[in-house]
Each structure stands twice: as C-alpha cells, then as structure tokens.
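Sequence positions in the sequence shown follow our numbering and run 147 to 295.
To keep things clear, I will list the structure first and then write my remarks on it.
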Amino acid sequence: MKNKVPFLIVLIIGVGIFVGIWISQIERQVIIQTHDHHEDQHSHDEGPHEHDMGEISTTNLTKQVPLPGWEYSQIEARAEIFPEEIESLNISTSKAGPAQIIIIQKLTGEVELNEEKVVHIVPRLDGVVKKVFKDLGDRVENGELLAIL
147 MKNKVPFLIV
157 LIIGVGIFVG
167 IWISQIERQV
177 IIQTHDHHED
187 QHSHDEGPHE
197 HDMGEISTTN
207 LTKQVPLPGW
217 EYSQIEARAE
227 IFPEEIESLN
237 ISTSKAGPAQ
247 IIIIQKLTGE
257 VELNEEKVVH
267 IVPRLDGVVK
277 KVFKDLGDRV
287 ENGELLAIL
C-alpha cells in the first residue's frame, strides 16, 4: 500500500499538467447573440419571437483583424497609415539631418578595483609587482612564471 501512494500523487499531478496544457491551447470562442431590429418589421409588444428563443450564432474572435485605415507591411512591428488619417490627425514628418547631441549627466559613484584582476600576493621580499602573466582562474603548470617583482 505504501508504494501506491507516491505513484497516485505523481499520476494526479501529471494528469493535472496535461489537462492544463490542453485547456490553454484551445481556441477561445465568444458567443454573440445577434438581434437586428431594423430587419424585423414588427414590435416586441406582439410577444416572443423565434429569434428571441435562444437562436445564438458563434463568432471566432481569435483572428487578428486590422483596424480600418491600417495596413501591416511584411516587416515586423511596422505599420502604414493612409494619407487621410495623417491629414485628419495633423501628423507632420521631416527628414532627419546632422545634429550635435550633447548629453551631460552628473552621476555619483565609486571607483573600485576589478576583483577578478586583483590577486593578493604576499612576497617573501619587499618590492612592487611590475608585470603579471596569469589571471584568476587561469591554469598554471609547475614552475611557470606568474609575476615579475
């Protein structure tokens, strides 16, 4: 009996994941009830009609329909606007030319040493390190020169 409990838990979790993925991939459909009063040549005072009795049409709204006046070109994230929309929205464009851009920002900060390049060496003799041949993490062979004092 003890061996069946973990198996059942794993099975239930697996089925839950499968059902969740399956539900997330189903196309969503919206149910819209159509009712056009202009086509009906009668009033609602006459009683219930056959179109009021639950006649429902479904429309798939998952397809992307562009807004009127917009055309999408093949280049991703680019849209073209018709001249009528440009005129009605009072949009003006001009060519870009040479200009000098000056960006000055005063920032506060702190200068620190690069910890990957700093190696703390305690020499047997007093002196100053003049040249370093290896960095932190480099492979070193026996007898290889690391630095010059």
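For each residue, glycine too, the CB sits at the ideal point set by N, CA and C.
Keep in mind that this is a model prediction, so the values were computed, not measured.
message: Need the endpoints of the alpha helix (DSSP H) that I232 sits in, please.
response: 229-234
- request: Give me the Cα-Cα distance between K241 and E256, rounded to the nearest whole angstrom.
  value: 42 Å
task: Sort Q251, A245, G283 by Cα distance to E261 and report the nearest one.
output: G283
query: Are the beta-carbon atoms of L295 and V275 separated by less than 9 Å?
result: yes
field: DSSP state of V151 mapped onto helix, strand, coil
entry: helix
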